[in-house]
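Participant: One structure coming up, written as C-alpha cells, with questions to follow.
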Amino acid sequence: MDNTIYSLNDDVLVEIFSYLDTDNLITKLYKVCEHWAHLISHDSRIWKNRWLVWNLSRSVNTMNKYLKRAPLLEKLKVVWVPRSNDCNVADSALALRNVLTLIPQALEVEISFPVISDILQYLNNNLVSLNVTNICNQHYSHLSRFKNLQMLKFGNAYDFCGRHLRSVCEECRSIKTIHLGDCRSLNTTDVIYSLKLIMTRIESLELNGYGLNDEVFVIFPQCKNLRELCIHDARLMRFSTFIEILHYSHIKVLHLSRLKLKYSVPVSNVKDRIVELNFTE
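This is the structure we're talking about:
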C-alpha cells in the first residue's frame, strides 16, 4: 500500500489537495479519510467498481493519464467509434492491446469493436466478465484459461461452435451467464453435453436455436437457477416443451422467436412469476 501511495504522480496529488484549503491541512485530510471510511463501509470495492469507458478515438497517451489515476480499477469498457471513414482498424486494435497491458488487473471487460484478433491473450486470467462484439475463430481457445469467468457475452459469434461451448463449460466452472447472440454453428449433442455441465448454476442463457432440436429445449426446466432465457430461433421446440418451460421452470424473463404455436397459450397462472414474456411465430 505504501508503495502505491508513494507512486502517485504529481497530477493526482495536486488534484486531491486542490479541494482542500491549506489552512489546518492535517485536520482537513483527517476529515477526508473519515468520509472515505464511511463510503467504503457501504461499498468496500468502491474504488474498483467504477467503469472506465474509453473511446478508441482518444489517444493512448490520454488513456495512460486516466489509468495512472486508477491503479486498482477492475472494470474497463472500450467503445470503438471511427473518427473518419478511412479509420485504420489495425491501428485501433494495436491501441486497444496497449491499453489492456496497462490495466492487467481488469476483471470485467466490455469491448465494442468490429474485429477482435488476439485481444484475449492480454486479459487477466482471473477475468470474471467478458462482453465483446465479436472475436476471431482461432482465438476462442483462449477462453478456457479464464477459470473464474462468470459471464460470457458475444454480440456476433457466427463461428462459435459446439467444441468451444464445451470447453467453456468444462473449464470455466463459475460460469452463470452465457449470451451467444447470432451463433448458428452449434449442434444438439454439444449443447446438451454443455447444458448438463452447467445445469445447476446457469442463470441467464441466450442462444440461436437454429439447427437445435427439442432434446435441447427439454433441459431448460431442469435448470433450477435459470432466470433468463432467450432463444432466437425456437422453430423446433415442441408446444408441450414450451408449456413445460412456461409452467414448471423458474424463469422470470422468457424470449422465444419463431416459435410454432398450434394452440392458444395459457399465461394467466404464470403472470405473477414471469416478469417479461415475449414469443413470436
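Residues in the sequence shown are numbered consecutively from 1, following UniProt numbering.
Glycine is no exception: its CB is placed at the ideal position from the N, C-alpha and C atoms.
1) Quick one: residues in its chain with C-beta nearer than 7 Å to the C-beta of PHE220, no 5 flanking neighbours on either side, listed in chain order?
2) Quick check: the Cα distance between LEU259 and GLY211, rounded to an integer number of angstroms?
3) Candidates GLY162, ASN156, LEU107, GLN150: which alpha carbon is nearest ARG173's?
4) For THR62, does the three-state DSSP call read helix, strand or coil?
5) Beta-carbon within less than 6 Å of ARG238's beta-carbon, same chain only, minus the 5 sequence neighbours each way: which residues are those?
6) In the DSSP assignment, the alpha helix (DSSP H) including PHE217 goes from what residue to what residue?
7) Under the three-state reduction of DSSP, which class applies to VAL191: helix, strand or coil?
8) Kindly give me the distance between the Cβ atoms of GLN105 and LEU72, rounded to whole angstroms, as I take these residues to be in contact under 8 Å.
9) Express the C-alpha separation of ILE231 and ASN208 in angstroms, rounding to a whole number.
10) In or out: ILE202 buried (at least 16 other Cβ within 10 Å) or exposed?
11) Quick one, are the C-beta atoms of THR133 and ILE111 less than 8 Å apart?
12) Would you kindly report the start and end of the unbroken alpha helix (DSSP H) that includes THR27?
13) Cutting at 8 Å between CB atoms, please list the residues of its own chain near VAL12, excluding the five before and the five after it.
14) Can you give the Cα-Cα distance for THR189 and CYS169, rounded to whole angstroms?
15) Cβ of HIS179 within 8 Å of Cβ of PHE217?
16) My understanding is that TYR122 touches LEU100, with C-beta atoms under 8 Å, so please give their C-beta distance in whole angstroms.
17) Alpha carbon to alpha carbon, how far is LEU254 from TRP47?
18) Do ASN125 and ARG97 have their beta-carbon atoms positioned less than 8 Å apart in this structure?
19) Any idea if GLU15 is buried or exposed, counting beta-carbon neighbours within 10 angstroms, 16 or more meaning buried?
20) Can you tell me the Cα-Cα spacing of ASN156 and LEU165, whole angstroms?
21) Between which two residues does the alpha helix (DSSP H) harbouring ALA246 extend?
22) Using C-beta distances below 8 Å, list every residue in its chain close to GLU281, excluding the 5 sequence neighbours before and after it, in chain order.
23) Give the DSSP-derived three-state secondary structure of ASN9 in the structure shown.
24) In chain order, what are the residue ranges of uninterrupted beta strand (DSSP E) at least 3 long that sit wholly in the stretch 149–187?
25) Residues in the same chain with beta-carbon distance under 7 Å from ARG273, minus the five sequence neighbours each way, listed in chain order, please.
26) In whole angstroms, what is the alpha-carbon distance linking PHE160 and ILE192?
27) Using a Cβ-Cβ cut-off of 7 Å (strictly less than) and excluding sequence neighbours within five positions of HIS247, which residues of its own chain qualify?
Facilitator: Taking the coordinates as given:
1) Translated into the one-based positions of the sequence shown, residue 220 becomes position 220. Cβ neighbours of PHE220 beyond the five flanking positions: LEU226, LEU229, ILE245, SER249.
2) Mapped onto the sequence shown, residue 259 falls at position 259. Mapped onto the sequence shown, residue 211 falls at position 211. Approximately 14 Å, taken between the alpha carbons.
3) Locating residue 173 in the sequence shown gives position 173, counting from the first residue. The candidate whose alpha carbon is nearest that of ARG173 is GLN150.
4) Position 62 of the sequence shown, counted from the start, is the residue given in the question as residue 62. Note: THR62 maps to helix in three-state DSSP.
5) Translated into the one-based positions of the sequence shown, residue 238 becomes position 238. Contacts found: ASP214.
6) Mapped onto the sequence shown, residue 217 falls at position 217. Start and end: 214–217.
7) In the sequence shown, counting from the first residue as 1, residue 191 sits at position 191. It is helical.
8) Indexing the sequence shown from 1 puts residue 105 at position 105. Indexing the sequence shown from 1 puts residue 72 at position 72. With a Cβ gap of about 7 Å, GLN105 and LEU72 count as contacting.
9) Reading the sequence shown from its first residue, position 208 is the one you call residue 208. Reading the sequence shown from its first residue, position 231 is the one you call residue 231. ASN208 and ILE231: Cα-Cα distance of roughly 6 Å.
10) Taking the first residue of the sequence shown as position 1, residue 202 is located at position 202. Buried, since its Cβ has 16 or more Cβ neighbours within 10 Å.
11) Counted from its first residue, the sequence shown places residue 133 at position 133. Counted from its first residue, the sequence shown places residue 111 at position 111. Between THR133 and ILE111, the C-beta gap is smaller than 8 Å, which places the two residues in contact.
12) The residue you call residue 27 lines up with position 27 of the sequence shown. Looking at the DSSP string, the run of the alpha helix (DSSP H) that includes THR27 is 25–42.
13) Here residue 12 is taken as the residue at index 12 of the sequence shown, counted from 1. Answer for VAL12: LYS68, ARG69, listed in chain order.
14) Position 189 of the sequence shown, counted from the first residue, corresponds to residue 189. Position 169 of the sequence shown, counted from the first residue, corresponds to residue 169. Roughly 14 Å separates the two Cα atoms.
15) Sequence index remark: in the sequence shown, residue 179 carries index 179 (1-based). Sequence index remark: in the sequence shown, residue 217 carries index 217 (1-based). Not in contact: HIS179 and PHE217 (Cβ atoms no closer than 8 Å).
16) For the purposes of this step, residue 122 is taken as residue 122 along the sequence shown, with counting starting at 1. For the purposes of this step, residue 100 is taken as residue 100 along the sequence shown, with counting starting at 1. With a Cβ gap of about 4 Å, TYR122 and LEU100 count as contacting.
17) In the sequence shown, counting from the first residue as 1, residue 254 sits at position 254. In the sequence shown, counting from the first residue as 1, residue 47 sits at position 47. About 35 Å.
18) If you number the sequence shown from 1, residue 97 lands on position 97. If you number the sequence shown from 1, residue 125 lands on position 125. No, these two residues do not count as a Cβ contact at 8 Å.
19) Against the sequence shown, residue 15 aligns to sequence position 15. Flag for GLU15 reads exposed.
20) Position 156 of the sequence shown holds residue 156. Position 165 of the sequence shown holds residue 165. Their backbone Cα atoms lie some 15 Å apart in a straight line.
21) To locate residue 246, count along the sequence shown from 1; it is residue 246. The sequence as given places Leu at residue 246; Ala does not occur at that position. Unbroken alpha helix (DSSP H) run through LEU246: 239–248.
22) Within the sequence shown, residue 281 is the residue found at index 281, counting from 1. Excluding its 5 nearest sequence neighbours in each direction, GLU281 has C-beta neighbours in its own chain below 8 Å: ARG258, LEU259, LYS260, LEU261, listed in chain order.
23) Looking up residue 9 in the sequence shown gives position 9. Taken through DSSP and simplified to helix, strand or coil, ASN9 comes out as coil.
24) 151–154, 177–179
25) Numbered from 1 along the sequence shown, position 273 holds the residue referred to as residue 273. Within the same chain, and ignoring the five residues on either side of ARG273 in sequence, the residues whose Cβ sits closer than 7 Å to its Cβ are LYS252.
26) Here residue 160 refers to the residue found at position 160 of the sequence shown. Here residue 192 refers to the residue found at position 192 of the sequence shown. Their Cα atoms are separated by approximately 16 Å.
27) Working through the sequence shown from its first residue, we reach residue 247 at position 247. Closer than 7 Å at the Cβ level, and outside the excluded window around HIS247, lie VAL270.
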